[in-house]
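Novice: Position 155 of the sequence shown, counted from 1, bears residue number 155 in full-length UniProt numbering, the numbering being contiguous throughout.
A virtual CB, placed ideally from N, CA and C, is assigned to each residue, including glycine.
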Amino acid sequence: MTSLKYLAGYPPALLAQVQQAIDAGELGGSLARRYPDPHEVRTDRALYDYVNELRSQYLRNAAPLSKVAYDNKLKVIQHALGTHTTVSRVQGNKLKAKREIRVASLFKEAPAPFLRMIVVHELAHLKEREHDKAFYALCTHMEPAYHQLEFDLRLWLTAQELGDT
1 MTSLKYLAGY PPALLAQVQQ AIDAGELGGS LARRYPDPHE VRTDRALYDY
51 VNELRSQYLR NAAPLSKVAY DNKLKVIQHA LGTHTTVSRV QGNKLKAKRE
101 IRVASLFKEA PAPFLRMIVV HELAHLKERE HDKAFYALCT HMEPAYHQLE
151 FDLRLWLTAQ ELGDT
């Protein structure tokens, strides 16, 4: 039996279906058929533009982002697929805050919907800090298939770890 660490918390019946697909060697192939197209967002500049386009479409009143980049130091093992940070600095008598989003470099090679799901997740943190009902409502507002994409991303990470791609 394979360790399904990315799927912890899902119902046992669903995990059994995933295990069955892994045992049959079908997990990676089925995901490749469902998500055949990679994205074209390969550079940090392209990622910055992509994220800001989504931000301006859905979160017009949110604070601007000072930096958006791929980060090869983010490790999936530590459950970090992307991060959002706010760096505050005192400039004169004012407090300035800079917001940054970093996306794991692994997503340079991921299917396009998975990159969108990660970006939507990190953008939602600009408005909602906690993973609560309001946070997920905002995620599904920006990406209606958010929950399915999150599950499929977890399957994709499992397939990557197993070398079933």
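#1: Provide the residue(s) that pair with V68 in DSSP beta bridges, ordered along the chain.
#2: Kindly indicate which three-state DSSP category L14 falls into: helix, strand or coil?
#3: Let me check one thing: in DSSP terms, what residues is Q19 bridge-paired to?
#4: Identify the residues that DSSP records as bridge partners of L148: which are they?
#5: As a quick exercise: from A112, A69, P113, D132, pick the residue whose alpha carbon is nearest that of R99.
#6: Give every residue of the same chain whose Cβ lies closer than 6 Å to the Cβ of I77, excluding the five residues on either side of it in the sequence, and list them in chain order.
#7: Less than 8 Å between the CB atoms is what I'm expecting for S105 and D71, so what's the real figure, rounded?
#8: Tell me, please, whether the segment 34-48 touches the segment 3-16 by the rule of three or more beta-carbon pairs shorter than 8 Å.
Specialist: The relevant details are as follows:
#1: I101
#2: helix
#3: Its beta-bridge partners do not exist; DSSP assigns none.
#4: With the sequence shown as reference, residue 148 is identified as Gln, and Leu is not the correct amino acid for it. Partner(s): none; Q148 has no beta bridge.
#5: Closest option to R99, Cα to Cα, is A69.
#6: Low confidence applies to I77: its pLDDT is 47, below 50, so where it sits in the model is not reliable enough to give any reading.
#7: Their Cβ separation, rounded to whole angstroms, is 6 Å, which keeps S105 and D71 in contact under 8 Å.
#8: no
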